[in-house]
Amino acid sequence: MRALQPDEQFREVAERLDLALHVRAFRLCLMCNAPLRPASLAELDSRVPDGMRERHTRFVTCDVCRRVLWEGSHWKHMRAGIDALSNAGAPDMPDVPSAPDGYVQYGP
Ligand SMILES: [Zn+2]
Numbered sequence: 633m634r635a636l637q638p639d640e641q642f643r644e645v646a647e648r649l650d651l652a653l654h655v656r657a658f659r660l661c662l663m664c665n666a667p668l669r670p671a672s673l674a675e676l677d678s679r680v681p682d683g684m685r686e687r688h689t690r691f692v693t694c695d696v697c698r699r700v701l702w703e704g705s706h707w708k709h710m711r712a713g714i715d716a717l718s719n720a721g722a723p724d725m726p727d728v729p730s731a732p733d734g735y736v737q738y739g740p
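Quick note: the sequence shown uses the working numbering, first residue 633, plus one each step.
See the structure below:
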């Protein structure tokens, strides 16, 4: 690996291993690797902080560690990196699925 910055390292590894066509982002919990599933605000209730209740409408949860995730700043950063990768490496690639699969921002 030649890149020094994490974003560049991601791109370098993904291009070297030709991973653009195999990206399945935002489907697994980053803490325990269990599948994420969409969840309503009513179901999550107090597990969503007040500030996030007003700013987001789509949430997912991990049934193993019970973390709640939403499309916050981390998700946007990851989304941009994946989009840049797919645009550069595989122009004919269909869009990486987003909702309800794409959410990465840890709750409290
Ligand atoms: Zn988890």
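Here a beta-carbon is modelled for each residue, glycine too, at the ideal position from N, C-alpha and C.
| Query | Result |
| --- | --- |
| Beta-carbon proximity check, Arg-634 vs Glu-644, cutoff 8 Å | yes |
| Test item, CB below 6 Å from any non-hydrogen atom of ligand 1 | Cys-661, Met-663, Cys-664, Ala-666, Cys-694, Val-696, Cys-697 and Arg-699 |
| Beta-carbon contacts of Pro-726 that lie in its chain and below 8 Å, excluding the five residues immediately before and after | In this prediction, Pro-726 scores a pLDDT of 35, lower than 50, which makes its location untrustworthy; the coordinate-derived value is nonetheless stated afterwards. Taken in chain order, the list of residues that qualify is empty. |
| Straight-line Cα distance separating Ala-716 from Ala-674 | 35 Å |
| Three-state secondary structure assigned by DSSP to Phe-642 | helix |
| Cβ shell of Arg-648 (< 6 Å), same chain only, five flanking positions each side left out | none |
| Three-state class that DSSP yields for Arg-659 in the structure shown | coil |
| Supposed close pair Val-696, Cys-664 - CB separation, criterion 8 Å | 5 Å |
| Rounded distance between the beta-carbons of Ala-671 and Ser-718, thought under 8 Å | Not a contact, Cβ separation roughly 27 Å. |
| Nonlocal neighbours in the same chain, by C-beta distance under 7 Å from Val-680, ignoring five residues either side | Leu-673, Phe-691, Val-700 and Gly-739 |
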